[in-house]
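The block underneath contains the structure these notes are about, expressed in structure tokens.
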Amino acid sequence: MPSTRQIGLTGGIGSGKSTVATLLAERGAAVIDADAISRASTAGGGGALPAIAATFGAALIGADGALDRAAMRALVYRDAGARQRLEAIVHPLVAQEIDRQAQRALDAGRRLIVFDVPLLVESGPRWRARVDRVLVVDCDPATQIERVMARNQLPREEIERIIAAQVTRAQRLGAADAVLFNGAGVTLTALHTQVHTWAARFGL
Ligand code: ATP
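With positions in the sequence shown counted from 1, the corresponding number in the numbering used here is that position plus 1048.
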């Protein structure tokens, strides 16, 4: 039986990671979305909520039973240690759920597992050690800004602030085993073609 390849998929905001992940999933990859898992852990019924209530108080849980993000933001603003305490609750739960989903894909004999991790490079050598390859979706900042403005109606300054808080394009490229360019001039059709080529290389 062919072994399962495991790749980390990353890229800056609006670079096209989700689009690439969806295309790889259509080709049969099991996609594990780290951000979605993280969000679910603090959404209504999420696994992190009991520990959040115990650590920060029930006032941090909204009427809908989910983490009150505005209240948490205000707390983190007042108390710098609160962010670390929140991360100490959320990160292990997210790691556990990622492991669970990966094991399920392995048990199902999937040929490719794609870990969609926006902050893969930011999170240090942990992911590097875990995956066979790091695939970076590369995009020039002007195109990132244009796409996110169109998608989220966010002001340009807000997107620039997010880009500045992420690792630089050069740092991300430095961590790449494979690069998929999805910047200025690359149409969605051209992106599809590139992804299909990579899917074949990854055994799909
Ligand atoms: P984020 O980090 O913000 O979650 P992302 O890296 O997952 O973003 P996508 O959501 O895949 O990026 O892409 C951002 C937007 O740009 C989406 O609206 C998507 O449809 C669009 N897009 C992606 N690639 C292209 C392309 N080659 N041509 C035109 N639009 C594109």
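For each residue, glycine too, the CB sits at the ideal point set by N, CA and C.
- When the five nearest sequence neighbours on each side are left out, no beta carbon in the same chain lies closer than 6 Å to the beta carbon of residue 1126.
- Residue 1114 and residue 1243 have their C-alpha atoms roughly 36 Å apart.
- The Cβ atoms of residue 1144 and residue 1063 do not sit closer than 8 Å to each other.
- Remark: the shortest separation between the CB of residue 1189 and any heavy atom of ligand 1 does not fall under 7 Å.
- A direct Cα-Cα distance of roughly 35 Å separates residue 1187 from residue 1095.
- At a threshold of 7 Å, residue 1196 counts as near ligand 1, since its beta carbon sits closer than that to one of the ligand's heavy atoms.
- In the structure shown, residue 1059 adopts extended strand secondary structure according to DSSP, grouped into three states.
- When the Cα atoms are used, residue 1112 and residue 1163 turn out to be separated by approximately 30 Å.
- Note that the C-beta distance between residue 1222 and residue 1159 is not below 8 Å.
- Residue 1181 is bridged by DSSP to 1055.
- Look at residue 1241: its beta carbon is at least 7 Å from all of the heavy atoms in ligand 1.
- Each of 1166, 1249, 1203 and 1199 was checked against the Cα of residue 1217, and the nearest Cα belongs to 1166.
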